[in-house]
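**Student:** A single structure is presented below for examination.
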Amino acid sequence: MTDSTNPTGESLEREMDRVQAPLVESLRRFRAGLATNAAPPIYMFFTGGLLHWVFKALEFLPREVNLVLLGAGLSDEEKACLARRTDRPFHAIDQEVDDRTAWELLWAVERGPFGWLDVDAFVLDPDLMGEMSEVPEGVAFNCLWAHDTGRGVKLPYPHFVFVGGELAADEELRALGVTPGSYSYEGGQGRRRFPWACDRRLDGELRSAVDRVIGPPEERDEPYFNERPFFEPLQVLALAAYDRGYRLQEVRTLGDRRDEDHWNEQIIHVSSVSYVVRPDFPWGELPLSPRRRYLMILVSDYLLANDLADELPEAYRAQTAERRARVEAIAEKSFSDERLRTAARALMTHCVSEEAIVADERWRFVRATADPVAVA
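Start counting the sequence shown at 1; every next residue gets the next number (this note's numbering).
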């Protein structure tokens with residue numbers, strides 16, 4: 001069982017709430033300043049070192065999409081770069097946090113419908129944004145990716161989801177103390193990146209609600225439905241919503257997150273960029289197939305940053321060189337940029353035609369230098 005207290009004897013969950021409290025208030029003040037007559041906001045969360053993914057994702061989103069940028073642990077140079085490069089609403093979380101924390105901050109502030117789009121998702125068809133934002137009555141989430149529990153319900157993965165306004169405003173549900181964060185039956189540190197962050201403990205009335213939907217954990221082969229010892233973000237919230245009569249709507253059925261296909265002709269989800277680029281990513285523990293795919297994601301990260309070098313903060317130059325060196329160290333061979341473009345192109349062309357990549361300037365980072373560029 002994981003230790004559930006910090007060195008001072010304070011429970012980790014209470015410490016996490018204490019750390020998050022000023023972050024919630026800061027986000028609440030920012031949210032109050034956003035236009036109230038606009039479409040529901042779609043949040044894009046990212047951390048330091050990922051501006052090149054933000055800028056590329058923005059290229060695929062029309063201006064009328066009410067996108068709000070949510071960045072954590074950014075340098076002053078990164079904030080200044082964002083201000084120069086885009087006029088999208090932007091809120092800086094002045095502390096390093098992960099996506100689970102970002103979800104909890106949003107849940108604490110929002111009482112109406114809102115969306116979440118991963119920074120490594122490229123929306124190829126703008127019409128998909130409209131479909132996702134239309135959450136019918138009685139639906140907790142619109143989603144594209146979901147995990148089938150095998151117990152009569154599916155649980156959303158948060159790569160691109162819309163939270164229904166009915167769910168967000170449900171005070172009886174909130175009275176259970178449920179959040180969109182991660183949970184375990186023991187609670188405690190789990191695998192969080194920050195010393196103050198933990199998986200919330202699933203117990204009391206909330207556990208009873210979950211057990212009514214999927215049965216107690218001793219009845220399940222996998223208590224958490226995956227290889228990880230916790231319920232992932234949104235899953236406990238979704239289960240509590242099922243218990244209150246809500247349902248999940250799959251706007252598209254793009255499979256389980258454990259499937260390799262994270263795309264169709266409307267959206268590409270590159271997947272796991274924020275983890276793959278970390279120096280402690282466990283390359284040596286991966287089987288050959290996912291290792292190759294994750295390596296191509298690291299290659300794409302390098303190519304994107306290299307392509308946008310003149311628009312990124314100076315610190316990104318060293319970061320980009322480090323990514324390139326790591327690619328070659330992992331592969332145990334050296335590559336030309338042309339070879340890297342060809343490899344990354346193979347990752348992206350599952351649903352983007354060769355003609356589109358050649359003609360569309362948004363794909364320049366995976367285009368061979370000899371490819372012609374369409375002239376309007």
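Ideal Cβ positions, reconstructed from N, Cα and C, are used throughout, including at glycine.
In terms of residues, what are the limits of the beta strand (DSSP E) holding Asp247?
**Tutor:** Here the question's residue 247 lines up with position 247 in the sequence shown. It is Arg, not Asp, that sits at residue 247 in the sequence shown. It spans 247 to 250 - the beta strand (DSSP E) in which Arg247 sits, taken as one unbroken run.
**Student:** Compare the C-beta of Tyr246 against all C-beta atoms of chain C and say whether one is closer than 8 Å.
**Tutor:** The structure shown contains no chain C; it is built from a single protein chain.
**Student:** Could you check whether the stretch 42 to 62 touches the stretch 304 to 321, counting it as contact only if at least three pairs of C-beta atoms, one from each stretch, sit closer than 8 Å?
**Tutor:** Flag = yes, the stretch 42 to 62 and the stretch 304 to 321 touch.
**Student:** In chain order, which continuous runs of the alpha helix (DSSP H) of length 4 or greater are located wholly inside the stretch 22 to 103?
**Tutor:** With a minimum length of 4 residues, the continuous alpha helix (DSSP H) runs that stay inside the stretch 22 to 103 are 51 to 59, 76 to 85.
**Student:** Can you tell me the Cα-Cα spacing of Thr2 and Phe231, whole angstroms?
**Tutor:** Translated into the one-based positions of the sequence shown, residue 2 becomes position 2. Translated into the one-based positions of the sequence shown, residue 231 becomes position 231. Low per-residue confidence applies at Thr2: pLDDT is 44, beneath 50, and the placement is therefore not dependable, though the value from the model is reported in the following sentence. About 15 Å.
**Student:** Let me know the secondary structure DSSP gives Trp263 once reduced to three states.
**Tutor:** Position 263 of the sequence shown holds residue 263. Strand, per DSSP.
**Student:** Can you give the beta carbon distance from Cys143 to Val251, rounded, assuming they're within the 8 Å contact cut?
**Tutor:** The residue you call residue 143 lines up with position 143 of the sequence shown. The residue you call residue 251 lines up with position 251 of the sequence shown. Between Val251 and Cys143 the Cβ distance is about 7 Å, and since that is below 8 Å, they are a contact.
**Student:** Expressed to the nearest angstrom, what Euclidean distance is found between the alpha-carbon atoms of Phe30 and Tyr43?
**Tutor:** Here residue 30 corresponds to residue number 30 of the sequence shown, with the count starting at 1. Here residue 43 corresponds to residue number 43 of the sequence shown, with the count starting at 1. Those two C-alpha atoms are separated by around 13 Å.
**Student:** Report all residues from its chain with a CB closer than 6 Å to the CB of Arg28; omit the five preceding and five following residues, and keep chain order.
**Tutor:** The residue labelled residue 28 in the question sits at position 28 within the sequence shown. Val109.
**Student:** Quick one: using the 10 Å Cβ neighbour count with 16 as the cut-off for buried, is Ala209 buried or exposed?
**Tutor:** On the sequence shown, position 209 is the one that residue 209 refers to. That one is buried.
**Student:** For Trp283, does the three-state DSSP call read helix, strand or coil?
**Tutor:** Residue mapping note: residue 283 aligns to position 283 of the sequence shown, counting from 1. Three-state DSSP puts Trp283 in a helix.
**Student:** Spatial neighbours of Pro40 within its chain, please: CB distance less than 8 Å, with the 5 preceding and 5 following residues excluded, ordered by chain position.
**Tutor:** Translated into positions along the sequence shown, residue 40 becomes position 40. Asn66, Gly112, Pro113, Phe114, Gly115, Ser133, Phe162, Gly165, listed in sequence order.
**Student:** Nearest-angstrom Cα distance between Gln343 and Phe141?
**Tutor:** Here residue 343 refers to the residue found at position 343 when the sequence shown is read from its first residue. Here residue 141 refers to the residue found at position 141 when the sequence shown is read from its first residue. Contrary to the premise, residue 343 reads as Ala rather than Gln in this sequence. Approximately 35 Å, taken between the alpha carbons.
**Student:** Report back the beta-carbon spacing between Asp307 and Phe365 to the nearest angstrom; my notes put them in contact at under 8 Å.
**Tutor:** Stepping through the sequence shown from its first residue, residue 307 is reached at position 307. Stepping through the sequence shown from its first residue, residue 365 is reached at position 365. Rounded, the Cβ-Cβ distance is 4 Å, consistent with contact.
**Student:** Can you tell me the Cα-Cα spacing of Arg244 and Tyr157, whole angstroms?
**Tutor:** On the sequence shown, position 244 is the one that residue 244 refers to. On the sequence shown, position 157 is the one that residue 157 refers to. For Arg244 and Tyr157, the distance between alpha carbons rounds to 20 Å.
**Student:** So the candidates are Glu354, Phe281, Ala309; which of them puts its Cα closest to the Cα of Arg326?
**Tutor:** If you number the sequence shown from 1, residue 326 lands on position 326. Comparing Cα positions, the closest option is Phe281.
**Student:** DSSP state of Asp307, grouped into three classes?
**Tutor:** As a position in the sequence shown, residue 307 is number 307, starting the count at 1. Three-state DSSP puts Asp307 in a helix.
**Student:** Quick check: the stretch 193 to 207 against the stretch 90 to 103, are there 3 or more CB pairs under 8 Å?
**Tutor:** Touching, yes.
**Student:** Between the alpha carbons of Thr36 and Phe90, how many angstroms are there, rounded?
**Tutor:** Sequence index remark: in the sequence shown, residue 36 carries index 36 (1-based). Sequence index remark: in the sequence shown, residue 90 carries index 90 (1-based). Approximately 16 Å between the Cα atoms of the pair.
**Student:** Going by alpha carbons, who is nearest to Val123 out of Arg362, Thr369, Arg367, Ala368?
**Tutor:** Here the question's residue 123 lines up with position 123 in the sequence shown. Considering only alpha carbons, the answer is Arg362.
**Student:** Within its chain, find whatever has a CB closer than 7 Å to the CB of Gly9; leave out the 5 residues flanking it on each side and keep chain order.
**Tutor:** Residue numbering aside, residue 9 sits at position 9 when the sequence shown is read from its first letter. With a pLDDT of 49 at Gly9, under the threshold of 50, the modelled position of that residue is not reliable, and the figure given next carries that caveat. No residues qualify anywhere along the chain.
**Student:** In the DSSP assignment, find the unbroken beta strand (DSSP E) run with Gly215 in it and report its ends.
**Tutor:** Along the sequence shown, read from residue 1 onward, the residue named residue 215 stands at position 215. Gly215 -> no beta strand (DSSP E), and no H or E assigned at all.
**Student:** Would you mind sorting Asp87 into buried or exposed? The rule is 16 or more other CB atoms within 10 Å of its CB.
**Tutor:** In the sequence shown, the residue the question calls residue 87 occupies position 87. Result: exposed.
**Student:** Rounded to whole angstroms, how far is the Cβ of Leu202 from the Cβ of Tyr185, which I believe are closer than 8 Å?
**Tutor:** Position 202 of the sequence shown, counting from 1, holds the residue named residue 202. Position 185 of the sequence shown, counting from 1, holds the residue named residue 185. Rounded, the Cβ-Cβ distance is 5 Å, consistent with contact.
**Student:** Are there 16 or more other CB atoms within 10 angstroms of the CB of Ser353, so buried, or fewer, so exposed?
**Tutor:** Taking the first residue of the sequence shown as 1, we reach residue 353 at position 353. Per the 10 Å Cβ criterion, exposed.
**Student:** Leaving out the 5 sequence neighbours to the left and right, which residues in its chain are closer than 6 Å to Glu104 when beta-carbon positions are compared?
**Tutor:** Here residue 104 refers to the residue found at position 104 of the sequence shown. Here the set comprises Thr179, Gly181.
**Student:** At the level of alpha carbons, what is the spacing between Ala376 and Pro287?
**Tutor:** What you label residue 376 is simply residue 376 of the sequence shown in a count that begins at 1. What you label residue 287 is simply residue 287 of the sequence shown in a count that begins at 1. Caution applies to Ala376, whose pLDDT of 41 falls short of 50 and renders its modelled position unreliable; the model cannot decide the point.
**Student:** Got a sec? Which residues, its chain only, sit under 7 Å from Ala146 by beta carbon, not counting five neighbours each side?
**Tutor:** Your numbering for residue 146 matches position 146 in the sequence shown. So the list reads Lys154, Leu155, Pro156, Tyr157, Leu248, Glu250, once near-sequence residues are dropped.
**Student:** Can you tell me whether Arg341 is buried or exposed, with buried defined as 16 or more other CB within 10 angstroms of its CB?
**Tutor:** In the sequence shown, the residue the question calls residue 341 occupies position 341. Buried, since its Cβ has 16 or more Cβ neighbours within 10 Å.
**Student:** Exposed or buried, Arg345, counting other C-beta atoms within 10 Å across all chains shown (16 or more means buried)?
**Tutor:** Residue mapping note: residue 345 aligns to position 345 of the sequence shown, counting from 1. Buried.
**Student:** Please report the distance separating the alpha-carbon of Tyr294 from that of Gln266.
**Tutor:** Locating residue 294 in the sequence shown gives position 294, counting from the first residue. Locating residue 266 in the sequence shown gives position 266, counting from the first residue. In a straight line, the C-alpha of Tyr294 is about 22 Å away from that of Gln266.
**Student:** Over the uninterrupted alpha helix (DSSP H) stretch that includes Gly130, give me the two end residues.
**Tutor:** Here residue 130 is taken as the residue at index 130 of the sequence shown, counted from 1. First-last of the alpha helix (DSSP H) with Gly130: 127 to 133.
**Student:** Helix, strand or coil for Ala169? Go by DSSP, reduced to three states.
**Tutor:** Reading the sequence shown from its first residue, position 169 is the one you call residue 169. Coil.
**Student:** Bridge partners of Gly177, per DSSP?
**Tutor:** One-based indexing of the sequence shown puts residue 177 at position 177. According to DSSP, which records beta bridges pairwise, Gly177 is partnered with nothing at all.
**Student:** Under the three-state reduction of DSSP, which class applies to Ala376: helix, strand or coil?
**Tutor:** Indexing the sequence shown from 1 puts residue 376 at position 376. In this prediction, Ala376 scores a pLDDT of 41, lower than 50, which makes its location untrustworthy; the coordinate-derived value is nonetheless stated afterwards. Correct three-state label for Ala376: coil.
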